[in-house]
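Read through the structure below, which is laid out as structure tokens, and then see the notes.
Number of protein chains: 2
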Amino acid sequence: MQNTPNMNVTGMAGHLIRRLNQLSTQVFMHRTQEEGFDLTPVQFAALDAIYANPGLDQARIAAKIAYDKATIGGVIDRLEQKGFVVRSISKSDRRAREVRLTNSGRKTYDNILPIVSELQTEILAGLDPKQQEQFRNLVVKIIHAASGNQE
Amino acid sequence: MQNTPNMNVTGMAGHLIRRLNQLSTQVFMHRTQEEGFDLTPVQFAALDAIYANPGLDQARIAAKIAYDKATIGGVIDRLEQKGFVVRSISKSDRRAREVRLTNSGRKTYDNILPIVSELQTEILAGLDPKQQEQFRNLVVKIIHAASGNQE
DNA sequence: CATAAAAGGTATGTGTACATACCTTTTATG
DNA sequence: CATAAAAGGTATGTACACATACCTTTTATG
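So the protein lines, in turn, are chains A and B. Our numbering applies: residue 63 is where the first sequence begins, and numbers increase by one. Our numbering applies: residue 63 is where the second sequence begins, and numbers increase by one.
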């Protein structure tokens, strides 16, 4: 299946990637809801970044998980509504909002993390362990090539 | 990088896939806009499905490109506003809306297809041709495993 | 053939995703 | 040190993405 001008759209990388993302999101939502959680993949990613870096401001959170600052604003809004984080104005920079987990947020994160870790394998269920490893390596290579980036 | 409970979120499959999709969408939008087109990846996918199957109804289009019928409704709305497609009530089933390309839609599709084909390689720029092939094969395997599906 | 179930679409609501514009605050520059 | 440029956030607008509810029409079943 070469990427010639004759290739069907459904065989193109972009289309396959979109479907992969659909699949990934669906597995995440179904599995976590089954366990009684109410978090989206993005909300979980933000929670993770804040857990690892208490007091991080929104711009830094956005950069860490590769998001637009406008998007992250809304995500933090919803995490705040759910009582998982609190925002406070930074003393060193009055423009910045520092974000921290509440006890509820920390507890939720601790409880959901093993489930999220586990469901990663479910997303890649079509691949054996060696292929899963291969897949991850290829994706990391693609992402790194596309942007001089962080992690 | 095994997927252990200790794995960082940014190394998890779900997160990598989300970033891949971001990248893919960005390349699509930037390249096609550079060439003067105003189409999203989803709009292009719909256009392709209609091009290949004139008179297809919305439910069938949605199934072909793996979308929710509610989402496809909006996508077709916008393609109609741009003058690329027309909708008509099916004679054999008055619930169904048959969708067809206009001359403008056909011309736009013909002109944008080579650009979209080309940009697929740009998305996977970090991989050599053999790895790109490997990547596509792995993704197809994942998607097929996740759903008894069409193509 | 009457009625229930199913299917095609639209409407509504939530949540990304991001561009652009805007306001405030900070930093850089002359 | 005044002012411009840059950075942090919010607001607004467009476009997915999908769940749920709802209406209409078709199909299945007794």
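Here a beta-carbon is modelled for each residue, glycine too, at the ideal position from N, C-alpha and C. This one's a predicted model, so the numbers in the text were calculated from it and none came from an experiment.
Residue i - DSSP class collapsed to helix/strand/coil
i: F197/B; result: helix
i: D100/A; result: coil
i: K203/B; result: helix
i: E213/B; result: Model confidence at E213/B stands at a pLDDT of 37, short of 50, so the residue's coordinates are unreliable and nothing is read from them.
Neighbouring residues, chain A, relative to residue i (Cβ below 7 Å)
i: F90/B; result: G76
i: D110/B; result: V71
i: N83/B; result: I79, R80 and N83
i: Q182/B; result: N65, M74, A75 and G76
i: A132/B; result: Those do not exist, as A132/B stays about 14 Å from chain A at its closest Cβ, beyond 7 Å.
i: Q193/B; result: L200
i: I185/B; result: A75 and G76
i: A30/B; result: This structure leaves residue 30/B out entirely; chain B is present only between 63 and 213.
Neighbouring residues, chain B, relative to residue i (Cβ below 7 Å)
i: K203/A; result: G188 and L189
i: F197/A; result: L200
i: A107/A; result: V71 and H77
i: A128/A; result: R81 and Q84
Element boundaries [alpha helix (DSSP H), containing residue i]
i: V178/B; result: N165 to I185
i: S86/A; result: A75 to E96
i: R140/A; result: K131 to Q143
i: I123/B; result: Q120 to K126
Proximity of residue i and residue j at Cβ, strictly below 8 Å
i: Y171/A; j: L181/A; result: no
i: G117/A; j: V147/A; result: no
i: N70/B; j: N83/A; result: no
i: A128/B; j: R81/A; result: yes
Extent of the continuous beta strand (DSSP E) to which residue i belongs
i: V71/B; result: Looking at the DSSP string, V71/B is not in any beta strand (DSSP E), and its letter there is neither H nor E.
i: R156/B; result: Unbroken run through R156/B: none, as it is neither H nor E.
9 Å Cβ cut-off: residues of chain A touching residue i
i: P103/B; result: G76, H77 and R80
Within chain B, partners of residue i - CB distance below 8 Å
i: S86/A; result: A75, G76, I79 and R80
Contacts of residue i in chain A (Cβ-Cβ under 8 Å)
i: Q95/B; result: In chain order: nothing, as chain A lies at least about 15 Å away.
i: S154/B; result: Near S154/B there are no residues of chain A at all, since even the closest Cβ is about 26 Å away, more than 8 Å.
i: S166/B; result: Neighbours of S166/B on chain A: none; closest Cβ ~19 Å, over 8 Å.
Nearest-angstrom Cβ-Cβ length linking residue i and residue j, presumed shorter than 8 Å
i: V89/A; j: I185/A; result: 5 Å
i: A187/B; j: A75/A; result: Not quite, the Cβ-Cβ distance comes to about 11 Å (not below 8 Å), so this is no contact.
i: A158/B; j: D119/B; result: 4 Å
Contact set between residue i and chain B, taken where Cβ atoms lie within less than 9 Å
i: I138/A; result: The premise fails here: I138/A is roughly 16 Å from chain B at the closest Cβ pair, so nothing lies under 9 Å.
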